[in-house]
Amino acid sequence: MRDQPVLSLRVAAAEAIAPTLRRVSLRAADGARLPPAAAGAHITLSLPASGHARPLKNAYTLVSADLEHGYTLIVRRTDPTRGGSQHIHEALAVGDVLEASVPHNLFALHSQAKKVLMIGGGIGITPLLAFIAALRARGTRFELHQICNSADLRVFAALIGAQPGEAVHLHAGRSTFDAAVVLGAQPLGTHVYSCGPAALMDAIAAQAAALGWPASHVHREDFGAAGGEPFTLTIGTSGARITVAADQTMLEALEAAGIDAGSLCRGGACGVCALPVRAGELEHRDHYLSADERQSGAVVMPCVSRARGDSLVLDI
Amino acid sequence: MSGQDIKSRPVYTPLARDPAGRAHLLIIDDAAPPAEAFAPGTSAADFPETWSVAAHSQALPAPLAGNGAQAFRSASHLIAMLRHRLARETMGLRLYAIGAEHFCWDVAACASAAGMGRDEFFLYAAGKPARRVVCVHCRTLNEGVSTNLITCTGCHARLFVRDHFSRLGNAFMGVQIDAEVPGETIEIEELSA
Chain A
1 MRDQPVLSLR
11 VAAAEAIAPT
21 LRRVSLRAAD
31 GARLPPAAAG
41 AHITLSLPAS
51 GHARPLKNAY
61 TLVSADLEHG
71 YTLIVRRTDP
81 TRGGSQHIHE
91 ALAVGDVLEA
101 SVPHNLFALH
111 SQAKKVLMIG
121 GGIGITPLLA
131 FIAALRARGT
141 RFELHQICNS
151 ADLRVFAALI
161 GAQPGEAVHL
171 HAGRSTFDAA
181 VVLGAQPLGT
191 HVYSCGPAAL
201 MDAIAAQAAA
211 LGWPASHVHR
221 EDFGAAGGEP
231 FTLTIGTSGA
241 RITVAADQTM
251 LEALEAAGID
261 AGSLCRGGAC
271 GVCALPVRAG
281 ELEHRDHYLS
291 ADERQSGAVV
301 MPCVSRARGD
311 SLVLDI
Chain B
1001 MSGQDIKSRP
1011 VYTPLARDPA
1021 GRAHLLIIDD
1031 AAPPAEAFAP
1041 GTSAADFPET
1051 WSVAAHSQAL
1061 PAPLAGNGAQ
1071 AFRSASHLIA
1081 MLRHRLARET
1091 MGLRLYAIGA
1101 EHFCWDVAAC
1111 ASAAGMGRDE
1121 FFLYAAGKPA
1131 RRVVCVHCRT
1141 LNEGVSTNLI
1151 TCTGCHARLF
1161 VRDHFSRLGN
1171 AFMGVQIDAE
1181 VPGETIEIEE
1191 LSA
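Chains as they are written, first to last, in this note's numbering: chain A, 1 to 316; chain B, 1001 to 1193.
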């Protein structure tokens, strides 16, 4: 994004830890120290994508950020891929140099939490791995429920490396995880962090609210659902028309057209990419705008939200 | 020196039950809370569980009992039992406190120590002004202060009571009246709140 320092990172190691999971270690290309990042932080990588003139920007959570060993990511190959994970799985090699944003943290641990309850779905385990390391170091009580398909159970268990006495629960599928029971048994001062499919995080948030949890104790990591029906974006000031494909976000379409919209989390959480709307019906998918702002239809978060019809006019 | 304009002083909103809460505990440092402590349409009867302080109370309080009304012999006894209770509570509880300002903030300190956030407890300071004043010179806490000028019980300095309240320290600030200009003093006034 504009006026943001850009890091140049060199791939120090890359290994498959499961058929669809690749762990990538990154260090500063010039050998300098990388900026520190607290647990829950992410970086945005610029990745070359086949069939796209401009690089794709994908946000990845840092599984660990060590001043000596650099940043570590775990990337799942998604299917259908939008290009970013495909590049990491098929083309990325040790020695490659990538551009990245400095780390930003929109999913930070609450320092006053008496206990941290973590609920992960699938690859949503990545920030939780960083949390576990931080909580172990702090000596803060935690409980982890990781939901995954049975093929991932062993590799996830190895990544977590549960120590004796730790409340770590791996669930093969949603059926053995009862959100009401887990959320209903938590002591005062617990903060819950969920990362995974939107439906899982929505269910956690709804159950927590029903049990009287204040919103300030309920945290979620949003990596927005990108896809939807294709539509045409019109730039109000120039009249230029941009097609947003079904597997593309509005923000990506703007960037592909050479418009630097400015973004940070690319997941509907931070509000940096918000754009004014002149006309068109909206499908808001972010967690940033207030109910009034949504209702007004005058502003949209292009990283996750879409047009409800076949066209949208932006006031830019 | 009167007419202090200290904007950081806590402002108290009359209490109503937080509809988002699962359980509600009302705590009062007196048997009868003033009507103005409640929002319109709300009364003490709307809170399923009430703890209060009643001198010479003969009852043996059961801190984990749940709904109903209980009386404690002293505020300090109530606060000790509250600490015990909160350590065993689950998420979803809301606390409400009515009473002297220092009592309300003792409850707030219990809640914070138990990990409750600012959206899980609600305070309403009521009653005659009876401030807890910390002497900034010797750190003695002077209780029950109702005037703007006192003699510190610790170091005997004449203290001007500033309208400056520390939420963390749960006390108002007392500063030697003639610290800047030796011999300077002011008229003693009753504090209004």
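All C-beta atoms, glycine included, are put in the ideal place defined by N, C-alpha and C.
Distance between His191 (chain A) and Ala29 (chain A) (C-alpha atoms, nearest Å):
About 37 Å.
How many Å lie between Pro35 (chain A) and Phe131 (chain A) at the Cα?
C-alpha separation (whole angstroms): 18 Å.
Classify Leu9 (chain A) as helix, strand or coil using the three-state DSSP reduction.
Strand, per DSSP.
Please check the pair Val272 (chain A) and Leu314 (chain A), which I expect to be a contact at CB under 8 Å, by giving their CB distance rounded to whole angstroms.
Not confirmed; about 16 Å, so no contact.
Would you mind telling me which residues of chain A sit closer than 8 Å to Thr1013 (chain B), beta carbon to beta carbon, in chain order?
Under the 8 Å cutoff, chain A gives no residues; its nearest Cβ is about 17 Å from Thr1013 (chain B).
Ranges of the beta strand (DSSP E) found wholly within the segment 175 to 240 of chain A, counting only runs of at least 3:
Runs found: 190 to 195, 218 to 221, 231 to 235.
Just to confirm, are Arg1094 (chain B) and Asp1018 (chain B) a CB contact at a threshold of 7 Å?
In contact: Arg1094 (chain B) and Asp1018 (chain B) (Cβ atoms closer than 7 Å).
Proximity below 7 Å, CB of Tyr193 (chain A) to CB of His171 (chain A):
Their beta carbons are not under 7 Å apart, which means Tyr193 (chain A) does not touch His171 (chain A) by this criterion.
Closer than 7 Å at the beta carbon, the chain B residues around Leu289 (chain A):
Chain B residues near Leu289 (chain A): none, gap ~21 Å exceeds 7 Å.
Chain B contacts made by the segment 201 to 223 of chain A, where a contact means CB separation under 9 Å:
Residues passing the 9 Å Cβ filter: Ala208, Ala209, Ala210, Leu211, Gly212, Trp213, Pro214, Ala215, Ser216, His217.
Could you pull out every residue in the same chain whose Cβ sits closer than 6 Å to the Cβ of Glu252 (chain A), ignoring the five residues on either side in sequence?
None.
Near Ala205 (chain A), which residues of its chain fall below 6 Å by C-beta distance, leaving aside the five closest residues on each side in sequence?
Excluding residues within five positions, the ones whose Cβ falls inside 6 Å are Val218.
Along chain A, in chain order, which residues have C-beta atoms closer than 9 Å to that of Ala1020 (chain B)?
Residues of chain A whose Cβ lies closer than 9 Å to the Cβ of Ala1020 (chain B) are, in chain order, Ala209, Gly212, Trp213, Pro214, Ala215.
In the segment 93 to 117 of chain A, which residues sit with their C-beta less than 8 Å from some C-beta in chain B, listed in chain order?
Residues passing the 8 Å Cβ filter: Gln112, Ala113, Lys114, Lys115.
Would Cys270 (chain A) pass as a contact of Leu56 (chain A) if the rule is Cβ separation under 7 Å?
Contact: no.
Would you verify that the beta carbon of Thr1090 (chain B) is, or is not, closer than 7 Å to some beta carbon of chain A?
Yes, Thr1090 (chain B) counts as interfacial toward chain A.
If you draw a straight line from the alpha carbon of Arg294 (chain A) to that of Thr243 (chain A), how long is it in whole angstroms?
If you take the alpha carbons of Arg294 (chain A) and Thr243 (chain A), they lie about 23 Å apart.
At a CB-CB cut-off below 8 Å, which residues of chain B make contact with Gln248 (chain A)?
Residues of chain B whose Cβ lies closer than 8 Å to the Cβ of Gln248 (chain A) do not exist; the shortest such Cβ separation is about 38 Å.
Counting only C-beta atoms, is Leu188 (chain A) closer than 7 Å to chain B at any point?
Chain B has a Cβ within less than 7 Å of the Cβ of Leu188 (chain A).
Residue range of the beta strand (DSSP E) that Met1116 (chain B) falls in?
For Met1116 (chain B), there is no enclosing beta strand (DSSP E), as DSSP gives it neither H nor E.
Shortest alpha-carbon distance to Ser1146 (chain B) belongs to which of B:Lys1128, B:Ile1027, B:Arg1088?
Selected option, being the one with the closest Cα: B:Lys1128.
Is Gly1117 (chain B) a contact residue of the ligand FAD, with contact defined as CB to any heavy atom under 6 Å?
Questions concerning the ligand FAD fall outside what the structure shown contains, since it holds no ligand whatsoever.
On a Cα-Cα basis, can you pick out the residue from A:Pro19, A:Pro5, A:Gly124, A:Glu143 that is closest to Glu99 (chain A)?
Here the closest residue by C-alpha is A:Pro5.
For Ala172 (chain A), which residues in chain B fall below 9 Å Cβ to Cβ?
Listed along the chain, the chain B residues whose CB falls inside 9 Å of the CB of Ala172 (chain A) amount to none; the nearest CB is some 27 Å away.
Going straight from the alpha carbon of Ala1113 (chain B) to that of Ala1097 (chain B), what length do you get?
Rounded to the nearest angstrom, the two C-alpha atoms are 16 Å apart.
Using the Cα positions of Phe1165 (chain B) and Cys1152 (chain B), report the straight-line distance between them to the nearest angstrom.
Using only the alpha carbons, I get a separation of about 17 Å.
Distance between Thr61 (chain A) and Ser101 (chain A) (C-alpha atoms, nearest Å)
Roughly 12 Å between the two C-alpha positions.
Classify His1056 (chain B) as buried or exposed, calling it buried when 16 or more other Cβ atoms lie within 10 Å of its own Cβ.
In the assembly as shown, His1056 (chain B) is an exposed residue. Its beta-carbon has fewer than 16 other beta-carbons within 10 Å.
For Ala134 (chain A), which residues in the same chain have their Cβ closer than 7 Å to its Cβ, ignoring the five residues on either side in sequence?
Closer than 7 Å at the Cβ level, and outside the excluded window around Ala134 (chain A), lie Ala39, Leu109.
How should Leu47 (chain A) be labelled, buried or exposed, when 16 other C-beta atoms within 10 angstroms of its C-beta is the threshold for buried?
When all chains shown are included, Leu47 (chain A) counts as buried.
Using a cut-off of 7 Å between C-beta atoms, extract the partners of Asp1119 (chain B) located in chain A.
Those within 7 Å of Asp1119 (chain B) in chain A are Pro214, Ser216.
Taking buried to mean at least 16 other C-beta atoms within 10 Å of its own C-beta, is Thr1185 (chain B) buried or exposed?
When all chains shown are included, Thr1185 (chain B) counts as exposed.
How would you call Thr72 (chain A), buried or exposed, if buried means at least 16 neighbouring beta carbons within 10 angstroms?
Thr72 (chain A) counts as buried, since no fewer than 16 other beta carbons sit within 10 angstroms of its beta carbon.
Looking only at C-alpha atoms, which of A:Asn149, A:Leu144, A:Val181 sits nearest to Gly165 (chain A)?
Comparing alpha-carbon positions, the option among A:Asn149, A:Leu144, A:Val181 lying closest to Gly165 (chain A) turns out to be A:Leu144.
Nearest by alpha-carbon distance to Pro1195 (chain B): which of B:Ala1069, B:Ala1035, B:Leu1060, B:Ala1054 is it?
Any answer about residue 1195 (chain B) is impossible in this case: the structure gives chain B only from 1001 up to 1193.
Sort out for me which residues DSSP pairs Asn58 (chain A) with in a bridge.
Answer is A:Leu45.
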